[in-house]
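185 is the number that the numbering used here gives to position 165 of the sequence shown; each next residue is one higher, with no gaps.
What follows is a set of notes on a single structure, which appears directly below.
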Amino acid sequence: MQAENYKKNINEEEQGILLLLNKKLKIYDDYNQTQTQYKKQIYDLNQKISAESDSQYYVITSPMEGYVSGLTKTNGDSVSPHEKILTIIPDTREMVVYLFLDSSSIADVTCGGRVTIKYDSYPFQKYGVYQGIIKDIGRYPVDPSVIESSYGLKYSSPMYRITIQPDRNDVVYAQHSYLIPSGSHVHADILLDRKMLITWLIEPLIKFFKDNK
């Protein structure tokens, strides 16, 4: 009878040990599953952080060597599409001037035409008038909003952009040379025709006689 009781107690102890082992194994399984889930969450978060970082920073390489001028934005500022944020001045200092003409004037302008230039920063009464040549004529008009955002000029209607190559990139006064800074505003006159005044007066008469022959 006593032996049977010992045997029964041993069986109960063994069952208790098995239950504890099963609980221990379950705890290990739960721990491993939880750890795996946490690792996956950490990995997903790192991927999101990396993607966010990549979307916030872009490296744009300048097509030319030079220095930055007219910077309009700082770190943290937002930038709209087509918005001008800086100007790169090439080391060659090859300067161009942009003029804007309406559709009523563009027909008389041709590449190779001569232009007289007056720089607002250097009054022509003191520094003189300079020359340039028309290098390019825009094929399509530019919207006023684009002109204002890119060049700071206001127009009420679309304008054609004319590219001028000045004969020199400086002005001279009292034997001193002054380089023209980027972004300078100018006034320019395009030389359309060099007809003599008498030609302008006679031309309508010639046309009249030809039409009435």
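For every residue, glycine included, the Cβ atom is placed at its ideal position computed from N, Cα and C.
Taking each of V88, Y180, Y175 and K174 in turn and checking the Cα distance to P161, the smallest one comes out for Y180.
The beta carbon of G158 sits closer than 6 Å to the beta carbons of Y180 and R181 from its chain, once the five residues preceding and following it are set aside; these are given in chain order. Under a 10 Å Cβ-count criterion, V117 is classified as buried, with 16 or more other Cβ atoms of the shown protein chains found around its own Cβ. Counting only residues of its own chain and dropping the five nearest sequence neighbours on each side, P178 has a CB closer than 7 Å to the CB of P161, V162, D163 and P164.
Separation of L65 and T56 (C-alpha to C-alpha, rounded to the nearest whole angstrom) is 14 Å. Cβ-Cβ separation between T136 and Q151: approximately 6 Å, consistent with a contact (criterion under 8 Å). In this structure the stretch 140-155 touches the stretch 194-209; the number of beta carbon pairs closer than 8 Å is three or more.
Per DSSP, the unbroken beta strand (DSSP E) holding P186 starts and ends at Y180 to P186.
By the neighbour-count criterion, in which a residue is buried when 16 or more other Cβ atoms sit within 10 angstroms of its Cβ, V99 is exposed.
Contact annotation: V192 and Y147 have beta-carbon atoms nearer than 9 Å. Per the coordinates, the alpha-carbon of K104 lies some 18 Å from the alpha-carbon of L119.
When only Cα atoms are considered, S169 and L106 end up about 12 Å apart.
For F120, the beta-bridge partners assigned by DSSP are R181. P186 is classed as buried because its beta carbon has at least 16 other beta carbons within 10 Å across all chains shown.
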